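First the structure, in the form of structure tokens, and then the observations on it.
Protein chains: 2
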Amino acid sequence: MLRTRILTAAVLLPAVLAAVVFSPNWFFTLFIAVLGVFGLYEIAAMTGTLKLVALPLYAVVGGVPLFGLLYGGDAGWVVPTIVIVLMLVLIARIAAAGRDGAPSVPALAFTGAAYVGVLFPYFAMLRNQPHGVNWVIAVVLLAVASDTGAYFVGRQFGRRKLAEKVSPNKTVEGAVGGMIATVVAGVILSPLFAPTWHAGAVIFFSAMISLLAQLGDLACSALKRAAGVKDSGWIFPGHGGLLDRTCSLVFAMVFTYYWSR
Amino acid sequence: MLRTRILTAAVLLPAVLAAVVFSPNWFFTLFIAVLGVFGLYEIAAMTGTLKLVALPLYAVVGGVPLFGLLYGGDAGWVVPTIVIVLMLVLIARIAAAGRDGAPSVPALAFTGAAYVGVLFPYFAMLRNQPHGVNWVIAVVLLAVASDTGAYFVGRQFGRRKLAEKVSPNKTVEGAVGGMIATVVAGVILSPLFAPTWHAGAVIFFSAMISLLAQLGDLACSALKRAAGVKDSGWIFPGHGGLLDRTCSLVFAMVFTYYWSR
Chain Y
2 MLRTRILTAA VLLPAVLAAV VFSPNWFFTL FIAVLGVFGL YEIAAMTGTL
52 KLVALPLYAV VGGVPLFGLL YGGDAGWVVP TIVIVLMLVL IARIAAAGRD
102 GAPSVPALAF TGAAYVGVLF PYFAMLRNQP HGVNWVIAVV LLAVASDTGA
152 YFVGRQFGRR KLAEKVSPNK TVEGAVGGMI ATVVAGVILS PLFAPTWHAG
202 AVIFFSAMIS LLAQLGDLAC SALKRAAGVK DSGWIFPGHG GLLDRTCSLV
252 FAMVFTYYWS R
Chain S
2 MLRTRILTAA VLLPAVLAAV VFSPNWFFTL FIAVLGVFGL YEIAAMTGTL
52 KLVALPLYAV VGGVPLFGLL YGGDAGWVVP TIVIVLMLVL IARIAAAGRD
102 GAPSVPALAF TGAAYVGVLF PYFAMLRNQP HGVNWVIAVV LLAVASDTGA
152 YFVGRQFGRR KLAEKVSPNK TVEGAVGGMI ATVVAGVILS PLFAPTWHAG
202 AVIFFSAMIS LLAQLGDLAC SALKRAAGVK DSGWIFPGHG GLLDRTCSLV
252 FAMVFTYYWS R
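Read top to bottom, the protein sequences are chains Y and S. Just add 1 to the spot in the first sequence (first one is 1) and you have the working numbering. Just add 1 to the spot in the second sequence (first one is 1) and you have the working numbering.
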């Protein structure tokens, strides 16, 4: 399984990297539109709402913001904030009550569609601005640092469960370790994305990315747990679905987009 | 399964297209190096030679030409021709004798390693020359026309088996249909890749691409059949492996490389 993961990443990362680094803005926007539609498909498949009757919901709650933001750009911070709060409410509900207290299928489909439709465009909005490629690569590397730090520190020192009912393997110690690893990585990588910043800004930004990456991860776990699935999909052998691979990035990209302006 | 195929293609094609169209030459060369190494991995996995003892074979027969050609460029047409003949001998042996008459495992590993190592670099060599992107896209579209034409004509009118022991579903009628479809597509697409050619050159070139795409397909089928596997791998859900997706392109790319010079 680990071998499958690594081989898949080795083959697909260069192609994705080419799309991020070398493609013109219009092409990258189309690429994110395709990923967004596929993300909506994954939400529908995992919540069992891949039905004609649910199409209006996905079109209105998912498709309209997706294409609206990709075509029209920034629509302020209110709507994305609402969506992020919605995801946090979902985490909180499951953390408090477990799967039995999870929202109904329509509520899950609505939440998932809004999550993809409102937040996915930020990948393109962040990347398609000046120095956007650097920003995207910085966020991805910081999220990797956060995940890796949390994994190893948690495995070594993890005692207290972070949110047992949402994601049983995560620990408070791991979360702190992830944050420390991200700050260290942020200081090392700061020439890439923050050549003129004060040290305090680098530390604050890195810590925020780690926090949002971990919240993003928990949000996906909450959604998957409520839907009763282990992976969001199957498109990346060994990794699961598209949402599995992007959930630690989405909140962080939204934050970085507003931060960078 | 068809849905899986289509969704995988929809998500991955834009990323691969970005690599082909927008990346600088050095990056595309590295990309093909990665694909080549992964292709050697698939050969080893499917022939059951994913063992330390076989590593020298893959390094010498696969790795040396792969990196040599990617780094040094064109080394004449003799070696690729030998490799293509080797593949045709493999087809012929299996067509004559079935799986029982297939070469031994070492012979298969050698043939597969040479196939990937010598021929994969032509993707980069063709693409990284002037108008190379147009050439690559033209060959891909013509190969798609060939496959599609062969499939539908074969399904409708197929009577005589083409090479029953190598690939039981292929028919002579399908092969002819694929060739006609490719010539039609070539005439339609000729402004893309052949704006100044005579009609005869367009027809000859298109027919050659169809012939080589079909031989490439048979070569892969022969290799897979001899190895006793159905797919070369698992990296593209619904499509199989990397070699499954590239086998109709490899011979055609080599031909187009020399034709274009």
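We put the CB at the ideal spot given by N, CA and C, even for glycine. Here the structure is a predicted model, which is why all the values come from computation and not from measurement.
Chain S contact for residue i (CB, 8 Å cutoff)
{"i": "S211/Y", "result": "no"}
{"i": "A11/Y", "result": "yes"}
{"i": "F28/Y", "result": "yes"}
{"i": "V145/Y", "result": "no"}
{"i": "V35/Y", "result": "yes"}
Given residue i as reference, the closest of the options once Cα atoms are compared
{"i": "L213/Y", "options": "A200/Y, V230/Y and A253/Y", "result": "A253/Y"}
{"i": "V154/S", "options": "V137/S, E165/S, G179/S and V184/S", "result": "G179/S"}
{"i": "V80/S", "options": "V62/S, W198/S and S105/S", "result": "V62/S"}
{"i": "I138/Y", "options": "P122/Y, A195/Y, P238/Y and E174/Y", "result": "A195/Y"}
{"i": "L216/S", "options": "I236/S, V203/S, A151/S and R160/S", "result": "A151/S"}
{"i": "R6/Y", "options": "W260/Y, Y258/Y and R246/Y", "result": "R246/Y"}
{"i": "Y72/Y", "options": "E43/Y, A103/Y and T30/Y", "result": "T30/Y"}
{"i": "T197/S", "options": "S249/S, S261/S, D75/S and L58/S", "result": "S261/S"}
{"i": "N170/Y", "options": "D218/Y, F39/Y, L67/Y and L56/Y", "result": "D218/Y"}
{"i": "Q157/S", "options": "L41/S, G77/S, A45/S and A176/S", "result": "A176/S"}
{"i": "A146/Y", "options": "Q130/Y, I189/Y and R161/Y", "result": "I189/Y"}
{"i": "L224/Y", "options": "L87/Y, H199/Y and F121/Y", "result": "L87/Y"}
{"i": "R100/Y", "options": "H240/Y, I83/Y and G229/Y", "result": "G229/Y"}
{"i": "A10/S", "options": "C248/S, I236/S and L250/S", "result": "I236/S"}
{"i": "V140/Y", "options": "L89/Y, F124/Y and Q130/Y", "result": "F124/Y"}
{"i": "F233/S", "options": "A19/S, G40/S, I92/S and G102/S", "result": "A small fix is needed here, since residue 233/S is Ser in this sequence, not Phe. For S233/S, the nearest C-alpha among the options comes from G40/S."}
{"i": "V54/S", "options": "A98/S, P107/S and W78/S", "result": "P107/S"}
{"i": "Y259/Y", "options": "M2/Y, E43/Y and W78/Y", "result": "W78/Y"}
{"i": "L70/Y", "options": "N129/Y, F23/Y and L51/Y", "result": "N129/Y"}
Partners in chain Y for residue i, counting only beta-carbon separations shorter than 8 Å
{"i": "A55/S", "result": "None at all; the shortest Cβ gap to chain Y is about 17 Å."}
{"i": "P238/S", "result": "W235, I236 and P238"}
{"i": "L8/S", "result": "F39, Y42 and I236"}
Rounded straight-line distance, which links the Cα of residue j to that of residue i
{"i": "A34/S", "j": "W27/S", "result": "11 Å"}
{"i": "G133/S", "j": "F256/S", "result": "13 Å"}
{"i": "P238/S", "j": "A114/Y", "result": "24 Å"}
{"i": "P57/Y", "j": "G64/Y", "result": "9 Å"}
{"i": "S191/S", "j": "M209/S", "result": "15 Å"}
{"i": "E165/Y", "j": "C221/Y", "result": "14 Å"}
{"i": "L243/Y", "j": "A76/Y", "result": "25 Å"}
{"i": "T112/S", "j": "L89/Y", "result": "56 Å"}
{"i": "V17/S", "j": "F32/S", "result": "10 Å"}
{"i": "W136/Y", "j": "M47/S", "result": "41 Å"}
{"i": "P25/Y", "j": "G241/S", "result": "30 Å"}
{"i": "L250/S", "j": "T183/S", "result": "13 Å"}
{"i": "L109/Y", "j": "R226/Y", "result": "11 Å"}
{"i": "G49/S", "j": "Y59/S", "result": "13 Å"}
{"i": "H199/Y", "j": "R4/Y", "result": "41 Å"}
CB contact check: residue i to chain Y, cutoff 8 Å
{"i": "L244/S", "result": "no"}
{"i": "L193/S", "result": "no"}
Contact list for residue i against chain Y, beta-carbon separation under 7 Å
{"i": "A108/S", "result": "Near A108/S there are no residues of chain Y at all, since even the closest Cβ is about 26 Å away, more than 7 Å."}
{"i": "Y59/S", "result": "The premise fails here: Y59/S is roughly 15 Å from chain Y at the closest Cβ pair, so nothing lies under 7 Å."}
Chain-ordered neighbours of residue i on chain S, where CB pairs are closer than 7 Å
{"i": "S24/Y", "result": "A19 and F23"}
{"i": "L250/Y", "result": "Chain S residues near L250/Y: none, gap ~16 Å exceeds 7 Å."}
Rounded Cβ spacing between residue i and residue j (contact assumed at less than 8 Å)
{"i": "A96/S", "j": "V167/S", "result": "5 Å"}
{"i": "V117/Y", "j": "L36/S", "result": "About 30 Å; that fails the 8 Å criterion."}
{"i": "L143/S", "j": "S207/S", "result": "6 Å"}
{"i": "Q163/S", "j": "T149/S", "result": "Correcting the residue type first, residue 163/S is Leu in the shown sequence and not Gln. With 8 Å as the limit, L163/S and T149/S do not qualify as a contact, their Cβ atoms being about 17 Å apart."}
{"i": "P15/S", "j": "L67/S", "result": "P15/S to L67/S, Cβ: 26 Å. No contact."}
{"i": "E174/Y", "j": "G159/Y", "result": "5 Å"}
{"i": "P104/Y", "j": "L91/Y", "result": "7 Å"}
{"i": "F23/S", "j": "A19/Y", "result": "6 Å"}
Beta-carbon neighbours of residue i, restricted to chain S and to distances below 8 Å
{"i": "A16/Y", "result": "L13, A16, V17, A19, A20 and F32"}
Within chain B, the residues that residue i reaches when beta carbons sit closer than 7 Å
{"i": "V137/S", "result": "The chain inventory of the structure shown lacks chain B, comprising the protein chains Y and S."}
Check: residue i C-beta below 7 Å from any heavy atom of the ligand HEM
{"i": "G37/S", "result": "For the ligand HEM, the structure offers nothing, since it holds no ligand at all."}
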